[in-house]
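Asks:
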Amino acid sequence: MSEETLSFQTEVAQLLRLMVNSVYSDKEVFLRELISNASDACDKARYLAITEPDILGDDPDFKVRIKVDKEARTLSLSDNGVGMNRDGLISDLGTIARSGTSAFMENLSGDSAQDMQMIGQFGVGFYSVFMVSDKVEVTS
């Protein structure tokens, strides 16, 4: 018998829906998850500003904003925490169960790691948005 290697094909959108629906039971959880991600981005910026005060720019107050447009049927969430570069978008946001927050926490040492209380360390929260939306846009 000859050896043959077969590859599995997946329908990514369907797999994503199955994963999200198995983790979350309530559709509304997506908003909490997005706010948690924004809060973590602000916490990261706050921590980095201790040694790099210039990253705060002209606005040292961290904000998470939610904008609802009923006519366009859109919900926009923005923050002024740390952003994500192209590589971060691909590796952290574009990979299920990979968390930029978790990687950030691993790089901390000593008391700093204990002082940081970040929420999103599992890399699945963002995907809850697909329970309520067919199209998601991320700008960073």
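Numbering (my numbering), first residue to last: 1133 to 1272. Think of the CB as a built atom: it goes at the ideal place given N, C-alpha and C, for glycine as much as any other residue.
Measuring only the C-alpha atoms, how far is residue 1225 from residue 1168?
Replies: By 1-based counting over the sequence shown, the position of residue 1225 is 93. By 1-based counting over the sequence shown, the position of residue 1168 is 36. Answer to the nearest angstrom: the Cα atoms are 14 Å apart.
Asks: Let me make sure I understand the geometry here. Which of 1193, 1173, 1270 has the alpha-carbon closest to that of residue 1213?
Replies: By one-based count along the sequence shown, residue 1213 stands at place 81. For residue 1213, the nearest C-alpha among the options comes from 1173.
Asks: So, for residue 1200: in the same chain, excluding its five sequence neighbours on each side, which residues have a beta-carbon less than 7 Å away from its beta-carbon?
Replies: Reading the sequence shown from its first residue, position 68 is the one you call residue 1200. Once the five neighbours on either side are set aside, the close Cβ partners of residue 1200 are 1207.
Asks: So who's on the other strand from residue 1295, going by DSSP bridges?
Replies: With the chain running from 1133 to 1272 in the structure shown, residue 1295 is simply not present.
Asks: Between residue 1221 and the rest of its own chain, which residues show a CB-CB distance below 7 Å, the 5 nearest in sequence each way excluded?
Replies: Within the sequence shown, residue 1221 is the residue found at index 89, counting from 1. Counting only Cβ-Cβ distances below 7 Å, and skipping sequence neighbours, we find 1270, 1272.
Asks: Using C-beta distances below 6 Å, list every residue in its chain close to residue 1166, excluding the 5 sequence neighbours before and after it, in chain order.
Replies: For the purposes of this step, residue 1166 is taken as the residue at position 34 of the sequence shown. Excluding residues within five positions, the ones whose Cβ falls inside 6 Å are 1209.
Asks: Quick one: using the 10 Å Cβ neighbour count with 16 as the cut-off for buried, is residue 1236 buried or exposed?
Replies: Here residue 1236 is taken as the residue at index 104 of the sequence shown, counted from 1. Bear in mind that a pLDDT of 49 at residue 1236, under 50, signals an unreliable position, so the number given afterwards is only what the model happens to contain. Classification of residue 1236: buried, given that the 10 Å Cβ count is 16 or more.
Asks: With a threshold of 6 Å on Cβ separation, who are the neighbours of residue 1264 within its own chain once the five nearest residues in sequence on each side are excluded?
Replies: Mapped onto the sequence shown, residue 1264 falls at position 132. 1159, 1162, listed in sequence order.
Asks: What residue range is occupied by the uninterrupted alpha helix (DSSP H) comprising residue 1162?
Replies: Position 30 of the sequence shown, counting from 1, holds the residue named residue 1162. 1161-1183 is the extent of the alpha helix (DSSP H) around residue 1162.
Asks: Do residue 1196 and residue 1211 count as a contact pair if the criterion is CB distance below 8 Å?
Replies: Taking the first residue of the sequence shown as position 1, residue 1211 is located at position 79. Taking the first residue of the sequence shown as position 1, residue 1196 is located at position 64. Yes, the Cβ-Cβ distance between residue 1211 and residue 1196 is below 8 Å.
Asks: Do you know offhand how far residue 1181's Cα is from residue 1175's?
Replies: Taking the sequence shown and counting its residues from 1, the one referred to as residue 1181 is at position 49. Taking the sequence shown and counting its residues from 1, the one referred to as residue 1175 is at position 43. Going from the Cα of residue 1181 to the Cα of residue 1175 covers about 10 Å.
Asks: Around the Cβ of residue 1189, are there at least 16 other Cβ atoms within 10 angstroms (buried) or fewer (exposed)?
Replies: Within the sequence shown, residue 1189 is the residue found at index 57, counting from 1. So residue 1189 ends up on the exposed side.
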